[in-house]
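Structure first, then comments.
2 protein chains.
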Amino acid sequence: MPVYVTPSIIMVRPQMGENIGAVARAMMNFGLSDLRLVQPRDGWPNPKAHEMAAHADYLIEQARVYDSLAEALADRQYVLASSAPRDRVLALPNDGPHTGMARMRQHEAAGEATALLLGPESTGLTNEDMAYAHGIVSIPTHPANMSLNVAQAFVVLAYQWFVSSADPQQTSYPEEVGGDGAIRATIAEMDGLYGHLVNALEKRDYFRPSIKREGMLRALRVLLQRAPWSAQEVRTLRGIVRCLDETSVEPNP
Amino acid sequence: MPVYVTPSIIMVRPQMGENIGAVARAMMNFGLSDLRLVQPRDGWPNPKAHEMAAHADYLIEQARVYDSLAEALADRQYVLASSAPRDRVLALPNDGPHTGMARMRQHEAAGEATALLLGPESTGLTNEDMAYAHGIVSIPTHPANMSLNVAQAFVVLAYQWFVSSADPQQTSYPEEVGGDGAIRATIAEMDGLYGHLVNALEKRDYFRPSIKREGMLRALRVLLQRAPWSAQEVRTLRGIVRCLDETSVEPNP
């Protein structure tokens, strides 16, 4: 079992093996080792990824492949998404590399399992993908040419992560989790709460009109993920949802 | 005639067209446009460079090719070399990306023509190449894997250049040129002085023993380049060299 140095680097529906290899190469240079692939377009293994990785081919060998982003993220607690700035539909904090990677370091320093999402070459991450994230990190570019190659964008973020460190001056943790020093729930635990709540709401025909359904689901996930709950708090909330869902009361007259 | 946004990016003896294309692509994203190639291994044009450049193929089209680094640098005044840290044989200042690119911006702000040197994939820049530079910029990496791909290293430097700006607080220019606000001599002017001086010294059998000759030549170039002379000052110095060279005096008894 290899030792994985995080943040986990999660390539979502990557298209070109060359870019997977280039990401692995930069991971090696900046001391990262947990590469995860969600539905790589050309299957896996991919000889082009090996070739481009050069001496980082060992990272290609130990990369893990997942059928869905939710599975790839299941054991993670804090997630940043690499993307050009988005309109504010998701209401996620949007930082540059310096601030974003310092934030990543702060969450690592607090003992959380972290991840960085990289999108597919053609389209970038969808709003559905980004709804799993706690923040967006965007690289400033020349306004006439904003579309960065995914591996080149990663090089900037990996470098910035490498040279960042959690600010030792910052004694008050920005998003205190629980009251007892408990750490943030995993994405799988949050997903359980989300699924539970959505299911309860579905039964009550909450997500309508149907044209707004997708947006409402995304907004709900973002809303939940913004809260830095501990695993225990998430269990408590699921109990509340269960109670609301399964206990019928007389309607008010 | 295209408008060239500097620093000029000078790839010295680049080997793989793919890396030339990847450099061009990152140049586009960060608003640079003056690509210069010194003795590209596989000739020029190179279809692989075009392919990897994607939408930056216009930068590949307008790239200029040179037979020597001296020619590529002739109109430049301030030069940084991208390299892993070197032993101190060259006595050049060695900074990280943040400081190095801020320094580049300061020299631009002072009106100097700037350049960044990128070395060949296999070996990096030689000491002879780096003797043309006024400083070395090195990217921190994991100590176990320090060898960065040339294009990935460039992405970090281009990003850092893009987000840097000359420090407006800094009112005293770090290396004052002349006493009258004159700007730094070009590399061609400095090369003229160097050649003139070397020639005069050669005639006097100065560079011996022969095993030390190469090192002495490099050290002399670095020594001269460290001085931020203006073009007028360089002309004055050449007059001094000419005087010393061509005026014979009686030896002291």
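Those protein sequence lines, which keep their order, are chains A and B. Residue numbers in the first sequence follow the working numbering, run continuously in steps of one, and reach 256 at the last position. Residue numbers in the second sequence follow the working numbering, run continuously in steps of one, and reach 256 at the last position. Idealized CB from N, CA, C, for every residue including glycine.
{"Item": "Which residues does DSSP list as the beta-bridge partners of A/Y135?", "Value": "A/Y135 is not bridged to any residue."}
{"Item": "Cβ closer than 7 Å: which chain B residues qualify as neighbours of A/T144?", "Value": "N32 and F33"}
{"Item": "Where DSSP assigns a beta bridge to A/M31, which residues make up the other side?", "Value": "Answer is none; A/M31 lacks a bridge partner."}
{"Item": "To the nearest angstrom, report how far apart B/S168 and B/E115 are at their CA atoms.", "Value": "15 Å"}
{"Item": "Output, in chain order, the set of chain B residues within a Cβ distance shorter than 7 Å of A/Y162.", "Value": "I142 and V159"}
{"Item": "Do A/D37 and A/I190 have their beta-carbon atoms positioned less than 9 Å apart in this structure?", "Value": "no"}
{"Item": "How big is the Cα-Cα spacing for A/V153 and A/V82?", "Value": "17 Å"}
{"Item": "Is it right to say A/P126 is buried, meaning 16 or more other beta carbons lie within 10 angstroms of its own, or is it exposed?", "Value": "For the sequence presented, residue 126 of chain A should be read as Thr rather than Pro. Flag for A/T126 reads exposed."}
{"Item": "To the nearest angstrom, how far is the alpha carbon of B/A222 from that of B/L247?", "Value": "21 Å"}
{"Item": "Give the secondary structure of A/M19 by DSSP, where H, G and I count as helix, E and B as strand, and everything else as coil.", "Value": "coil"}
{"Item": "Are the CB atoms of A/I63 and A/R3 within a distance shorter than 9 Å?", "Value": "With chain A covering only 4 through 256, there is no way to say anything about residue 3 of chain A."}
{"Item": "Answer with yes or no whether the minimum CB distance from A/S168 to chain B is below 9 Å.", "Value": "no"}
{"Item": "When the Cα of B/D194 is compared with those of B/A52, B/A57 and B/S71, which residue comes out closest?", "Value": "B/S71"}
{"Item": "Quick one: give me the first and last residue of the beta strand (DSSP E) that B/A147 is part of.", "Value": "No beta strand (DSSP E) holds B/A147; DSSP gives it neither H nor E."}
{"Item": "Could you name the residues that DSSP lists as bridge partners for A/I12?", "Value": "A/L38 and A/L119"}
{"Item": "Can you list the residues of chain B that A/L121 reaches, using a CB-CB cut of under 9 Å?", "Value": "Those within 9 Å of A/L121 in chain B number zero; the least Cβ separation is about 14 Å."}
{"Item": "The alpha helix (DSSP H) spanning A/Y162 covers which residue range?", "Value": "V153 to V166"}
{"Item": "Three-state secondary structure (DSSP) at B/R187?", "Value": "strand"}
{"Item": "What are the residues that DSSP puts in a beta bridge with A/L83?", "Value": "A/L119 and A/G138"}
{"Item": "Please report how far the alpha carbon of B/I287 lies from the alpha carbon of B/G103, in whole angstroms.", "Value": "Outside the displayed range of chain B (4 to 256) lies residue 287 of chain B, so it cannot be described from this structure."}
{"Item": "Using beta-carbon positions only, say whether B/M19 and B/D60 come within less than 9 Å of one another.", "Value": "no"}
{"Item": "List the residues of chain A whose Cβ lies closer than 7 Å to the Cβ of B/L151, in chain order.", "Value": "N32"}
{"Item": "Using a Cβ-Cβ cut-off of 9 Å, state whether B/A73 counts as contacting chain A.", "Value": "no"}
{"Item": "Name the DSSP bridge partner or partners of A/Y69?", "Value": "A/V41"}
{"Item": "Does the beta-carbon distance from B/L120 to B/A136 come in below 9 Å?", "Value": "yes"}
{"Item": "For a contact meaning CB atoms closer than 8 Å, what does B/R28 contact in chain A?", "Value": "N152 and Q155"}
{"Item": "Distance check for A/Q80 and A/F165, CA to CA, integer angstroms please.", "Value": "20 Å"}
{"Item": "What separation, rounded to the nearest whole angstrom, lies between the Cα atoms of A/P48 and A/V68?", "Value": "10 Å"}
{"Item": "For B/T174, which residues of its own chain have a beta-carbon under 8 Å away from its beta-carbon, when the five flanking residues on both sides are left out?", "Value": "Annotation note: pLDDT 33 at B/T174 (below 50); position unreliable, no value reported."}
{"Item": "Leaving aside the five residues before and after B/A156 along the sequence, list all residues of the same chain whose C-beta is less than 7 Å from its C-beta, in chain order.", "Value": "S85 and I142"}
{"Item": "Give a yes or no on whether the minimum CB-CB distance between B/P100 and chain A is below 9 Å.", "Value": "yes"}
{"Item": "Grab the span of the alpha helix (DSSP H) containing A/K215 for me, first residue to last.", "Value": "Note, A/K215: premise wrong, no alpha helix (DSSP H); not H, not E."}
{"Item": "Just to confirm before moving on: does the CB-CB distance between A/V8 and A/A94 stay below 9 Å?", "Value": "no"}
{"Item": "Which residues in the same chain have their Cβ closer than 7 Å to the Cβ of B/Q65, if we skip the five residues on either side of it in sequence?", "Value": "P5"}
{"Item": "With a threshold of 9 Å between beta-carbons, can B/N202 be considered close to chain A, or not?", "Value": "no"}
{"Item": "Of the choices A/A134, A/F33 and A/N148, whose alpha-carbon is the least far from that of B/H145?", "Value": "A/F33"}
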